[in-house]
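2 protein chains.
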Amino acid sequence: MADAAVRSKKPAVHKRTPAGGAPTAPHTAAEASEPRIDVNAVTDLLLGTWAATRREAREMIKDPAFWRIDGQPMPEHRERVLSQLHLLVEHGGSRRAFPEEYGGLNDNGANLAGFMELVLADPSLQIKSGVQWGLFGSAIYQLGTKKHHDQWLPGVIDLSIPGAFAMTEMGHGSDVAAIGTTATYDPDTEEFVIHTPFRAATKDYLGNAALHGKAATVFAQLITGGVNYGVHCFYVPIRDDEGGMLPGVTSEDDGVKGGLNGIDNGRLAFDHVRVPRFNLLDRYGQVAPDGSYTSDIASPGRRFFTMLGALVQGRVSLDGAATTGTALALYIALTYANQRRQFDSGAGTEEVVLLDYGKHQRRLLPLLAQNYAQFFANDELLKKFDGVFSGRTDTPDEREDLETLAASLKPLSTWNALSTIQEAREACGGSGFIAENRFVGLHQDLDVYVTFEGDNNILLQLVGKRLLADYAKQFKGKDAAALARFAVGQTAGKLFHGAGLRQLGQAVADFGSTARSVELGLREDQQHELLAGRVQQMVADVAAALRPASKLSPAEAAALFNSHQAELIEAARAHGELLQWEAFTDGVNRISDEGTKQVLTWLRDLFGMHLIEKHLAWYLINGRLSTQRAASVSRYIDRLAARLRPHAQDLVDAYGFEPEHVRAPIASGAERRRQDEAREYYRALAASGEAPVSEKSLKKK
Amino acid sequence: MADAAVRSKKPAVHKRTPAGGAPTAPHTAAEASEPRIDVNAVTDLLLGTWAATRREAREMIKDPAFWRIDGQPMPEHRERVLSQLHLLVEHGGSRRAFPEEYGGLNDNGANLAGFMELVLADPSLQIKSGVQWGLFGSAIYQLGTKKHHDQWLPGVIDLSIPGAFAMTEMGHGSDVAAIGTTATYDPDTEEFVIHTPFRAATKDYLGNAALHGKAATVFAQLITGGVNYGVHCFYVPIRDDEGGMLPGVTSEDDGVKGGLNGIDNGRLAFDHVRVPRFNLLDRYGQVAPDGSYTSDIASPGRRFFTMLGALVQGRVSLDGAATTGTALALYIALTYANQRRQFDSGAGTEEVVLLDYGKHQRRLLPLLAQNYAQFFANDELLKKFDGVFSGRTDTPDEREDLETLAASLKPLSTWNALSTIQEAREACGGSGFIAENRFVGLHQDLDVYVTFEGDNNILLQLVGKRLLADYAKQFKGKDAAALARFAVGQTAGKLFHGAGLRQLGQAVADFGSTARSVELGLREDQQHELLAGRVQQMVADVAAALRPASKLSPAEAAALFNSHQAELIEAARAHGELLQWEAFTDGVNRISDEGTKQVLTWLRDLFGMHLIEKHLAWYLINGRLSTQRAASVSRYIDRLAARLRPHAQDLVDAYGFEPEHVRAPIASGAERRRQDEAREYYRALAASGEAPVSEKSLKKK
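Chains as they are written, first to last, in the working numbering: chain A, 410 to 1110; chain B, 410 to 1110.
Structural data, given as structure tokens:
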């Protein structure tokens, strides 16, 4: 949508085969300026497998009724978002995930793809929709059975039953297994008694709890016959049709939040509230009229994680929404940077557009590369999610992989959203702080994405534990001698890397290195080797450090684990970065248009180098990069940034946003018009002969 | 103010002399747990030279009338903050900086110290006060002369003339020299004609412009007799007493911002607005009735920078306010982390308080160390400011040093504020996102500190240029042969570092190193050597890279500079970090109480190590650290964090905040009471014999 004149060339597609046809970067300025991307084809790539649904959602939210109004007081904002949810129902936006018999489309991937786009309209709309259909509705659908679906899904889908998802408690956020709420079965009345035994067990931060919710899916310890069978989910009505609280249920309002103020978050407490036995969502655990408990899953732990796993879609959805929100911020900041002029360059010529400054390229372009990687990774995640939830690939292994993938990607994309939006806002100076230019609202709303639906650090810790378990599997059944040989190999590898640097042959290659040889040594294969090798070694190092734990007391073992907690989280982060890089690379390798492939290969290289630079100290300490090669990484990034600079507008145009999605005045072309007007004023003044002379020139005379 | 029971010991002061009395860290757990800080003495240290004024300001803002109300709609918030300014006048808070003859105290240091504390009440109050008295009032006072003071200062001080500081334009933020507004002298009427010649020259983002300002200090190109004498400042009335715009002046509202919505930021445009010749604030440049221009400062460039330099106090003030705001976030997050329990440790015992997790110590304690450094550095800055502005040390060199110091520290402290507040908010999970717990409001309000009063990157670039100039001075008058010898020495030094590592003797010392030897090698002197050496080499490297510029065309030279812009900015950042570290170290070395000195030395070490870890790749690439020593830095940080953990509550208590400053419910002790209630419930349940048994234990039977 940006002024076509912004580009140094029209985005025509040049067919060109680089030497050897390999998807690697060229080395001369001429090569660098030649290829152009096919913007529309890249849009298709970024929108991914469910592009049609995304386009449908984007079309719908062109209606200003869906847009966030900056500074709208909280009470009005909450009502507005509720009305938007009704509008969404009218547009058929709420039913995609549900079965056909309830008017749904049974299309899980499309459902999430559509919801992710709502972030462009108002993140409160995206999250309140997520609460209603992704959490409350999904709990009924995924954890309940046919009788529950018949009873409640129609009302969930048409929003006649707005609901809260009552999992989190004041005293327990991410540690769901330890929640305090109890659901005690009373065989005399065939009812469960839902109870909040102490203040810290109050359900908290629940969307729809403060005002709009008529029911809640309440997670509680299921107790029957004096036995606690662990956390299960119950359908609990909370308000009557006039909005009054039902007996025994109390609600408090969480009040103003850092963002997402279109959602009525609140608390719920239950004072011996009785619900029929029917209301236990009993797909994974059943209680008979006499109170006897049955479940297909014998292990309480596995049953718990199966139930939680059924709700993974929240994380998939946040990963995508964070990626799209980040893209919007980059679109705005890079479009502005291509129009805004500030300072002359020192060469006495006219003022320079921001994106021609080295620092400006450096601060924004690696983040653009990162965001592209996130798009590709999110599509992989969405495909895996759709496979499992459609039943096509619903195996325990696939479910576990899906959960690990979601837990790897959601932390990275949501953190990246905050840091990228912030950098983008700063790159636009004071204009970036004005709400109408979108950055500050996006940052405020997306802030909580990093700690909800699983705190990012805790998710990464889960991933880390999975990585450790996979690592340990390699040694299963091996005898002590084999393990000892392995341990020696590890140490030798480390010493070898640290001392000789022979494995990558860098010491020789880099002595007297040129830019070209550096780039040759940091191409796709080497990037992969560096990124993947880091994950492997970090996991191996933590595993080695934790090995003595089996001989320690539980308290000592816990202390040992604690002292390596931060490293384990870092290993999981490295794993997530590798996944993003691999997804990006796979995406690039599917491109047939050579110009597009070339530019996106540079962008992928920039992402790879950005990751390697971020962890450069690790690569040096562990002997994976020579100091010479490490020193060249930053320069290589500078070169890649300069090479990509002419393509920056194309690359953000390829997000496919339309003016109704962007809305930011600074990315509307107004800045260019102002700059042009100012330059025309000075040109005319100079031509008139009436321009004041400068004091300096006067002194020279 | 936190519960005394939080601490593992009462904060009594233990007198103890560590081995040798050296201000360095001990090496055993016993040593580590022994010393305690004297909390009150540390409060005195942190409050610094103007502690009395700070305490006075903190006492004043205990009045809830000064507090930010979360979610208050913008119009009400703006009126509230205006009324707070009047309240401030009543308390005598507006006059400290002004001369005695206008009822002032002529106390510049105290003035800024007092204003900084207002951030605890509402950052909008701090900044709107800064606009009125620090910018608008200071422009009149610093850039005007006696006649202007007599005319306007009383009204400025008592707020009968609310004013805007009209420097920034839509088209020019940090590049003030290039602003488009003109002030053309008309000798016939002895008036200046203030004019906005095109849209981009509209003054923008001005506090008091949208609603409350009656006048503005307008920066414009002074043109007389057909000559442009550059940017000067003019006093321009903009509204009548009823709030109507004066003829030729138009105002627009900037609307909702990311924060600071208690301030009525807006735009001002002037259509040939005439003001008397009198209204030129003429301390540094005068226009006679006939239009002839005079100035004591012959160089237009130096005159411009002298005028801007007179307004340095904004940066000094932001550095302090950002430091205090960061302290508040750390107080809240660390107090909560000392009370909140989450997950059992895996040892099957009770749940662990957050601050006992390795990751939690890692994420917060280095930020605490950094914030302490900022307090010490800000006091140094404030003392230098007071020296110059009181006239005691008002020399050109001191002014330049003051400006460089402010430009070095303000970027670091304002960026640190955002990253620390964000980390603190995330460390409190969902609670951190609720507005009443303060983090989100602080982040939103302080966001713009990083780009106003000089964009942080541009300030650091200024510092970088100063560093380059100082570096070049070393070679002034040296002949070519000497320079050549120097160049060789540089290269040799680099090779020497890179290859042999002999200078620090690390390779030998670290072979088979123990934790103790690592710590011995990273003490005060070595920290200083590493930090200072980095600044020196970074500057030397950029200087060497830019050396060919003198032989290039202006355009080529500009391109060369541009390609090293990011590195120059990094060198300036390193310089700022060194200054903070030095200030912290000087502060620690003034402490006499041994326990306090011990703990603060660990904290200073943590700050030093945190900086070195951040730049570890640089130290490795440049041969300043061996890989072995570099690998040990992170472990040393872990040990320091664990050693400081028992002192964390003391260290944040030493900020001296009272409940009226903190206000966050999660830091009020409520969390502890909830946790205690929950644990008592389970204890009583277990004692009753009626606790449900777990399914797991059932299966075991």
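All C-beta atoms in this analysis are idealised placements derived from N, C-alpha and C, irrespective of residue type, glycine included.
Which whole-angstrom value describes the C-beta separation of residue i and residue j, a residue pair presumed to lie in contact below a C-beta threshold of 8 Å?
{"i": "T715/A", "j": "N825/A", "result": "Not quite, the Cβ-Cβ distance comes to about 30 Å (not below 8 Å), so this is no contact."}
{"i": "V1061/A", "j": "L743/A", "result": "5 Å"}
{"i": "W459/A", "j": "A530/A", "result": "Their Cβ separation, rounded to whole angstroms, is 18 Å, which puts W459/A and A530/A out of contact at 8 Å."}
{"i": "I536/A", "j": "I647/A", "result": "About 20 Å; that fails the 8 Å criterion."}
{"i": "E986/A", "j": "L940/A", "result": "7 Å"}
Can you give me the C-alpha to C-alpha distance between residue i and residue j, rounded to a whole angstrom?
{"i": "L913/A", "j": "A1051/A", "result": "Bear in mind that the predicted position of L913/A carries a pLDDT of just 39, short of 50, making it unreliable; the figure below should be weighed with that in mind. Computed Cα separation, rounded: 28 Å."}
{"i": "L374/B", "j": "P571/B", "result": "Past the edges of chain B, shown from 410 to 1110, lies residue 374/B, and the structure says nothing about it."}
{"i": "L869/A", "j": "R956/A", "result": "20 Å"}
{"i": "L491/A", "j": "D472/B", "result": "38 Å"}
{"i": "F905/B", "j": "N1031/B", "result": "Interpretation of F905/B is limited by its pLDDT of 34, a score under 50 that renders its predicted location unreliable; no figure is taken from the coordinates."}
{"i": "H486/A", "j": "A474/A", "result": "12 Å"}
{"i": "G675/B", "j": "R847/A", "result": "18 Å"}
{"i": "Y1091/B", "j": "R1083/B", "result": "13 Å"}
{"i": "A1093/B", "j": "T605/A", "result": "16 Å"}
{"i": "L1020/B", "j": "A844/A", "result": "34 Å"}
{"i": "N971/A", "j": "I470/A", "result": "47 Å"}
{"i": "I1075/A", "j": "N520/A", "result": "32 Å"}
{"i": "F798/B", "j": "E509/B", "result": "15 Å"}
{"i": "E1099/B", "j": "R686/A", "result": "23 Å"}
{"i": "R505/B", "j": "G616/B", "result": "21 Å"}
{"i": "S1103/B", "j": "A461/A", "result": "49 Å"}
{"i": "T732/B", "j": "P532/B", "result": "13 Å"}
{"i": "D934/A", "j": "E991/A", "result": "11 Å"}
{"i": "L1107/B", "j": "G582/A", "result": "27 Å"}
{"i": "P1101/B", "j": "P709/A", "result": "15 Å"}
{"i": "A1096/A", "j": "E1086/A", "result": "15 Å"}
{"i": "L631/A", "j": "P698/A", "result": "14 Å"}
{"i": "W561/A", "j": "A609/A", "result": "30 Å"}
Taking Cβ-Cβ distances shorter than 7 Å, what residues in chain B pair up with residue i?
{"i": "Y550/A", "result": "The premise fails here: Y550/A is roughly 25 Å from chain B at the closest Cβ pair, so nothing lies under 7 Å."}
{"i": "G635/A", "result": "P1101 and V1102"}
Mind pulling the chain A residues with CB within less than 7 Å of residue i?
{"i": "P709/B", "result": "E1104 and K1105"}
{"i": "Y766/B", "result": "N971 and Q974"}
{"i": "M579/B", "result": "R1083"}
{"i": "D393/B", "result": "Beyond the ends of chain B as shown, which are 410 and 1110, falls residue 393/B; an answer cannot be given."}
{"i": "Y614/B", "result": "G839"}
Would you mind telling me which residues of chain A sit closer than 9 Å to residue i, beta carbon to beta carbon, in chain order?
{"i": "G667/B", "result": "R834, G841, F842, I843, A844, F848, V849, G850, H852 and Q853"}
Starting from the beta carbon of residue i, find every residue of chain B whose beta carbon is closer than 9 Å, and list them in chain order.
{"i": "P444/A", "result": "Result: empty, since nearest Cβ-Cβ is about 23 Å, beyond 9 Å."}
{"i": "E1086/A", "result": "F607, R608 and A609"}
Going along chain B in order, which residues have a C-beta closer than 8 Å to the C-beta of residue i?
{"i": "A1039/A", "result": "A1026, L1029 and I1030"}
{"i": "M483/A", "result": "G480"}
For residue i, which residues in chain A fall below 8 Å Cβ to Cβ?
{"i": "V640/B", "result": "In chain order: nothing, as chain A lies at least about 11 Å away."}
Open item on the list: Pairs of beta-carbons, one from the region 1026-1041 of chain A and one from the region 786-799 of chain A, closer than 8 Å: are there three or more?
Closed with: no
Open item on the list: Which complete beta strand (DSSP E) runs does the region 670-751 of chain B hold, if anything under 3 residues is left out?
Closed with: 675-679 and 682-685
- [ ] With a floor of 3 residues, list each beta strand (DSSP E) that falls wholly inside the region 797-837 of chain A, ordered by position along the chain.
- [x] none
Open item on the list: Does the region 580-599 of chain A come into contact with the region 509-525 of chain A, if we say contact requires no fewer than three beta-carbon pairs (one atom in each stretch) closer than 8 Å?
Closed with: Fewer than three Cβ pairs drawn from the region 580-599 of chain A and the region 509-525 of chain A lie within less than 8 Å of each other, which leaves the two stretches out of contact.
TODO: Report yes or no: do the region 806-825 of chain B and the region 811-827 of chain A share at least 3 C-beta pairs separated by less than 8 Å?
DONE: No, they do not touch.
Open item on the list: Across the region 664-674 of chain A and the region 630-645 of chain A, are there enough close Cβ pairs to call them in contact, namely three or more that are closer than 8 Å?
Closed with: no
TODO: Mind the definition here: the region 832-842 of chain A touches the region 571-591 of chain B only if three or more C-beta pairs lie below 8 Å; say whether that holds.
DONE: yes
Open item on the list: Extract the residue ranges of the alpha helix (DSSP H) inside the region 452-478 of chain B, only unbroken runs of 4 or more that lie entirely within it.
Closed with: 460-469
Task: Cβ pair count under 8 Å reaching 3, the region 1006-1017 of chain B against the region 772-781 of chain B - done: yes
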